[in-house]
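Just so you know, the sequences run in chain order A and B. Just so you know, we're using this note's numbering here: the first sequence kicks off at 13 and counts up by one. Just so you know, we're using this note's numbering here: the second sequence kicks off at 2 and counts up by one. Don't be surprised by glycine CBs; every beta carbon is placed ideally from N, CA and C.
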Amino acid sequence: MPLPVGLLALQGDFEMHRQALARAGLETLPVRRPDELARAGGLVIPGGESTTLSRLIDRGGLRAPLREFVSSGRPVLGTCAGLIMLSRGLVGERHETWHGVQPLALLDVTVRRNGYGRQIDSFTEDLVLTDGLQDGGPCRAVYIRAPRLEDIGPGVEVIARRPDGEPVGVRADNVVGLTFHPELGDDGRFHALLSG
Amino acid sequence: MFPWVNDEAQELMRRKIGLAEMLKGGAIMDVTNADQAKVAEEAGAVAVMALERIPADIRSDGGIARMSQPRMIRQIQDAVSIPVMAKCRIGHFAEAQVLEALGVDFVDESEVLTPADEHNHVWKWDFKVPFVCGCRNLGEALRRIGEGAAMIRTKGEAGSGNIVEAVRHMRMVQEGLRRLTQLRDDELMAEAKTLGAPVSLLAEIKKTGKLPVPNFAAGGVATPADAALMMQLGAETVFVGSGIFKSSDPKPRAEAIVQAVTYHDDPARLLEISMELGEAMEGIDVAAIPEDERLASRGW
């Protein structure tokens, strides 16, 4: 019996991820405490508000355990705010302490939060995927107050782009980060990456 | 699910509901200026509601309560990176248009403001900006969703510091949802007539047992335990209006309510986060508020 996929359930759309993982045939485990993280075989950091997630990670004593979890090589998926938390830093912030967001620096990318604007600028669009993900036809992506990827480090592979070529999904070893929300659609191919 | 609108409006609705999904498991706080908004963001609020006067003051000041000054909302948008919500009067679609032009992330068509239309609510499908609306029971929730609301909240009794009405409204909605899952198909139309709600939404809920949009709590939350109570009764996020900035200790109280939402089912943790707090806002017995001054009875 494989270990369940942990869902970081501090704040955000973790319930949508639970449903998406269930459709992919994967068991899940909500994670709000370090001991729960130790029982997970993979991890999803969901969409939500990065300012809130960052603070709850620290208040819950989860920063070091999360870093150890990712270093252990188990599969990790971060969407939207989850990608922001995985990144090594933010750009384009007006506030010098980034409104209190302290990324975990587990993925060698920088991110611009709310990169397209406010909610009225949110959009839906088809993705252009790399070879390994193309099976299954077109993939519709939902972007909600989405971040944009800025600097992408040399060890990081782009796995999804917008039609104009802009990178929106990346992978480095066991860590996948997406600026959009596959959990809000019914396409399961990104969640299948967590089957390990 | 919404056969009365076109495909484009339905795809837009997915993004509107999408933002509401991102706000789940959080606390949304009323703020009246940029400094309060920063306190809310630092405490971990998932969004702020920008308004000139919090409900407790609207209640004591009297007069006509309208949409807030756009300049004040803009200052709050400039101060924080979390979503900024603002209220329009029930049925006042021109106020909603102004708020959309300002780029607010959510519009609350709110009974806290003086209603502009006693018969019609805003047809929310006409907007790109998502709307949240209050309800007292399932029929009211489904009428608002039918008009295009992407998030539902209990009305509670805003500005009272008294959770009793929010509990009543949340229980009414949950009871209505449970009841629908028990009905036979041939009973759905009669139930739609009773509720005054679209039958297509009833048919969907019969299958899922849930509202088709997130269901949040509002109106009377003053303590971490109030937030935990509403979450355990089925709320997915909590709005806190007067409860924070009318208390003796806004910053620690705001932080405590954020954590109480996340750890709502962990009494040991709730005890720990409630331990150091000062005085909560002074409350009002809802029964002592005359019928015609109760905010929850505005709208239908």
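Beta-carbon of residue i versus every beta-carbon of chain A: anything under 8 Å?
i	result
T182/B	no
I83/B	yes
Q175/B	no
Q11/B	no
V47/B	yes
E294/B	no
How about residue i: is its C-beta nearer than 8 Å to some C-beta of chain B?
i	result
H29/A	no
D70/A	no
N126/A	yes
E18/A	For the record, residue 18/A in the displayed sequence is Gly; it is not Glu. Not closer than 8 Å to any Cβ of chain B, the Cβ of G18/A fails to qualify, so no.
R44/A	yes
G60/A	yes
Using a Cβ-Cβ cut-off of 6 Å (strictly less than) and excluding sequence neighbours within five positions of residue i, which residues of its own chain qualify?
i	result
T136/A	V154
G94/A	I57, P58
G104/A	R124
A117/A	R100
I77/B	A35, A38, A51, V85
I65/B	T115
S275/B	P225
M173/B	N138
A172/A	L139, L141, V180, G181
Residue range of the alpha helix (DSSP H) that residue i falls in?
i	result
G19/B	8–23
P16/A	Where P16/A is concerned, there is no enclosing alpha helix (DSSP H), given that its DSSP letter is neither H nor E.
I258/B	251–263
L278/B	No alpha helix (DSSP H) holds L278/B; DSSP gives it neither H nor E.
L78/A	75–83
I206/B	200–209
G221/B	Unbroken run through G221/B: none, as it is neither H nor E.
T64/A	62–71
I65/B	It is not in any alpha helix (DSSP H) - I65/B carries neither H nor E in the DSSP assignment.
V105/B	Per DSSP, V105/B belongs to no alpha helix (DSSP H) and is neither H nor E.
I146/B	139–147
P46/A	46–49
R35/A	26–35
E42/B	35–44
T195/B	189–196
Would you mind telling me which residues of chain B sit closer than 7 Å to residue i, beta carbon to beta carbon, in chain order?
i	result
D25/A	E22, M23, K25
G104/A	Those within 7 Å of G104/A in chain B number zero; the least Cβ separation is about 11 Å.
Which chain A residues sit within Cβ distance under 9 Å of residue i?
i	result
D106/B	R130, Q131, I132, R157
Kindly list the residues whose CB is nearer than 8 Å to the CB of residue i, restricted to its own chain and excluding five residues on each side of it in sequence; keep chain order.
i	result
V259/B	G27, A28, A44, G45, A46
E22/B	P215
L202/B	M2, L143, I146, G147, P213
V310/B	A query on residue 310/B cannot be resolved here, the shown segment of chain B reaching from 2 to 301 and no further.
Against residue i, what residues of chain C qualify as contacts under a CB-to-CB distance less than 9 Å, listed in chain order?
i	result
L196/A	In the displayed structure, chain C is absent; the protein chains listed are A and B.
Using the beta-carbon of each residue, which ones in chain B are nearer than 8 Å to residue i?
i	result
L22/A	G26, T263
V154/A	R15, R16, G19
Taking the beta strand (DSSP E) that residue i belongs to, which residues open and close that run?
i	result
T91/A	88–91
M73/B	That residue, M73/B, is in no beta strand (DSSP E); its alpha helix (DSSP H) goes 71–80.
A87/B	85–90
F240/B	239–241
T136/A	135–138
M30/B	28–32
P56/B	It is not in any beta strand (DSSP E) - P56/B instead sits in the alpha helix (DSSP H) that spans 56–62.
M173/B	Careful: M173/B lies outside any beta strand (DSSP E), inside the alpha helix (DSSP H) at 165–183.
L55/A	54–57
T155/B	152–155
A184/A	179–184
E162/A	160–164
E169/A	169–173
Below 7 Å on C-beta distance, what does residue i contact in chain A?
i	result
N129/B	This sequence places Lys at residue 129/B; Asn is not what is there. Going along chain A in sequence order, the residues near K129/B (Cβ under 7 Å) are I132.
Q37/B	Simply none; closest approach about 15 Å.
E42/B	T63, H111
Under 8 Å Cβ-Cβ, which residues of chain A neighbour residue i?
i	result
E76/B	With the sequence shown as reference, residue 76/B is identified as Gln, and Glu is not the correct amino acid for it. What Q76/B touches in chain A: nothing, since even the nearest Cβ is about 13 Å away.
E101/B	I132
With a CB to CB cut of under 7 Å and the five nearest residues on each side skipped, what residues in its chain are close to residue i?
i	result
V81/B	A38, K39, E42, V49
M171/B	T155, A218, M231, L234, G235, A236
A117/B	R90, I91, G92, H93
Determine the chain B residues that contact residue i at a beta-carbon separation under 9 Å, and present them in chain order.
i	result
R67/A	E43, A44, G45, E256, V259
Near-chain B residues of the segment 131–150 of chain A - C-beta to any C-beta below 7 Å: Q131, I132, S134, T136
Selection of the segment 131–158 of chain B by Cβ proximity to chain A, strictly under 8 Å: P131
Under 8 Å (Cβ pairs) to chain B, residues found in the segment 174–198 of chain A: H193, L196
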